[in-house]
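Q: Okay, handing you the structure first.
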Amino acid sequence: MQGSDAEEIFEFNAQTLSTVTTLDGGKPGFSIIGDTLRLHGPSLDLRGKAISNIETISFADDAATLLISDAKLATFISGQDGKNIWVIIEGKTFTDLQRHELQSNGVKKITDASGTYTSSGYRPPEVPGTTIDGSGSSELMVGESGADTIKGAGGHDKIYGGNGHDMLSGDSGNDRIRGELGKDVLKGGAGRDAFIFDTKPNKKSNLDKILDFKVKDDSIWLDNAVFTKLGTKGIEVKPVQLLKDVFVVGSKAKDKNDYIIYDKRKGVLYYDADGSGKGKAAEIATLSKNLKMTEKDFFVI
């Protein structure tokens, strides 16, 4: 998803509601009732978005996961009416007062850099080498900075590897798996899985390996904020299929528009920002050799 580096202020009127991202692949859903922003969907992502001119963030679903990056939102989030709400802040720590406000407002589970807090107590943060197993329902599973092992179960899981050299497995279900930073090993398992690449590829420090890519079922999603030559169309909730002209099977680009290259002899996927120009192609991932890949296996987000 392509955007500016500047912080954006969202007033959440009819014109700007479409900018919020859902993590579950559904259509973004929200409504404004007075000074309340009501979120619709089991998992939503408000990271990097500042919110103004509201007094309450509430949830339409009985259970929801919300990712944020601004601790000040704790003042507005409400999990009342018996709802099962999990709030996760990325890379930051809530103050004791903010945690108290969240729990007082009915939020059942709170995760920050210091650990996870529930009504039954405190759990320390995941440490390098932690194993996270799914329960069989559709889940959001987020790794930390260490070498995590994350395994989904029967649900349609969203798995984030974080910064370490991780082992991520979706198991059954239609999963979305992102290694993020590090040299990760990815396995989709059964189902129609999407392997998402949204960080700058680097052979030495950020090259993932997909163990079981199935041309019939699976797909690779490329973030156009990183792979800029793929155009500006496409977001995670509405991926756009890769254009036929920008994909080629071979050891290198054949013309100036060949940006995505699958070398079937080596089983390596490349991004070449200048096509057949003099610039060097970057390795995105390694896959099985001799896959019958086409542009239909790729989507731009």
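Here the numbering used here is used: position 222 in the sequence shown is 348, and no number is missing along the way.
Idealized CB from N, CA, C, for every residue including glycine.
Quick caveat: nothing in here was measured; it's all calculated off a predicted structure.
Leaving aside the five residues before and after Thr-244 along the sequence, list all residues of the same chain whose C-beta is less than 7 Å from its C-beta, in chain order.
A: Excluding sequence neighbours, Thr-244 sits near Lys-234, Lys-235.
Q: Is His-291 closer than 8 Å to Gly-308 when the C-beta atoms are compared?
A: Yes, Cβ-Cβ distance for Gly-308 and His-291 is below 8 Å.
Q: What does the alpha-carbon distance come out to for the pair Lys-209 and Leu-192?
A: Spanning the two alpha carbons is a distance of roughly 13 Å.
Q: Cα-Cα, which of Lys-380, Gln-206, Lys-415 is closest to Gly-393?
A: The candidate whose alpha carbon is nearest that of Gly-393 is Lys-415.
Q: Is the shortest distance between the beta-carbon of Met-293 and the beta-carbons of chain D less than 8 Å?
A: Chain labels in this structure do not include chain D; a single protein chain is all it has.
Q: By how many angstroms is the C-alpha of Tyr-388 removed from the C-alpha of Pro-327?
A: Going from the Cα of Pro-327 to the Cα of Tyr-388 covers about 15 Å.
Q: May I ask you to list the residues that DSSP assigns as paired with Glu-409?
A: DSSP lists Tyr-396 as partners of Glu-409.
Q: If we call anything under 8 Å between Cβ atoms a contact, is Ala-239 one with Gly-217?
A: Cβ atoms of Ala-239 and Gly-217: closer than 8 Å.
Q: Roughly how many angstroms separate the alpha carbons of Leu-91 and Ile-183, rounded to a whole number?
A: The structure shown has nothing for residue 91, since the chain only spans 127 to 427.
Q: Using only alpha-carbon positions, find the residue among Leu-228, Asp-161, Arg-302 that is nearest to Leu-348.
A: Nearest option by C-alpha distance: Arg-302.
Q: Can you pull the DSSP bridge partners for Tyr-388?
A: Tyr-388 is bridged to Val-375, Leu-395.
Q: Does Gly-167 pass the burial test, meaning 16 or more other C-beta atoms within 10 Å, or should it be called exposed?
A: Buried.
Q: Do Gly-288 and Asp-334 have their C-beta atoms within less than 8 Å of each other?
A: No. Outside cutoff.
Q: Could you please give the first and the last residue of the uninterrupted beta strand (DSSP E) stretch that includes Ser-298?
A: Neither: Ser-298 is in no beta strand (DSSP E) and is coded neither H nor E.
Q: Assuming Val-372 contacts Ile-361 (C-beta within less than 8 Å), just tell me the rounded distance between them.
A: Contact doesn't hold; Cβ gap of about 18 Å is too wide.
Q: Return the CA-CA distance between Ala-200 and Ser-345, expressed in angstroms with no decimal places.
A: Rounded to whole angstroms, Ala-200 to Ser-345 spans 36 Å at the Cα level.
Q: Starting from Arg-225, trace the alpha helix (DSSP H) in both directions and tell me its first and last residue.
A: Its alpha helix (DSSP H) spans residues 222–230.
Q: Please classify Asp-334: does DSSP put it in a helix, a strand, or coil?
A: Asp-334: strand per DSSP, three-state reduction.
Q: So the candidates are Thr-358, Ala-408, Ala-379; which of them puts its Cα closest to the Cα of Phe-425?
A: With distances taken between Cα atoms, Phe-425 lies closest to Thr-358.
Q: Determine whether the beta carbon atoms of Ala-190 and Phe-220 lie at a separation below 8 Å.
A: It is not a contact, given that the beta carbons lie outside the stated cut-off.
Q: Looking at the structure shown, is Leu-356 part of a helix, part of a strand, or coil, going by DSSP?
A: DSSP places Leu-356 in helix when its eight states are reduced to three.
Q: Given Leu-417, which residues of its chain have a CB within under 6 Å of its CB, disregarding the five upstream and five downstream residues?
A: Same-chain partners within the cutoff: Val-341.
Q: Once you ignore the five residues that flank Arg-173 on each side, which residues in its own chain have a CB closer than 8 Å to its CB?
A: Cβ within range, chain order: Leu-193, Ile-194, Ser-195, Glu-216.
Q: How is Phe-425 classed by DSSP in three states: helix, strand or coil?
A: The answer is strand: DSSP assigns Phe-425 an E or B state.
Q: DSSP has Ala-190 in a bridge; who is on the other side?
A: Answer by DSSP bridge pairing, in chain order: Ile-211.
Q: To the nearest angstrom, how far is it from the Cα of Leu-413 to the Cα of Phe-339?
A: The alpha-carbon atoms of Leu-413 and Phe-339 are separated by roughly 7 Å.
Q: Looking at Leu-395: is its Cβ nearer than 8 Å to the Cβ of Ala-379?
A: Contact: no.
Q: Could you compute how far the alpha carbon of Leu-228 sits from the alpha carbon of Phe-323?
A: C-alpha separation (whole angstroms): 33 Å.
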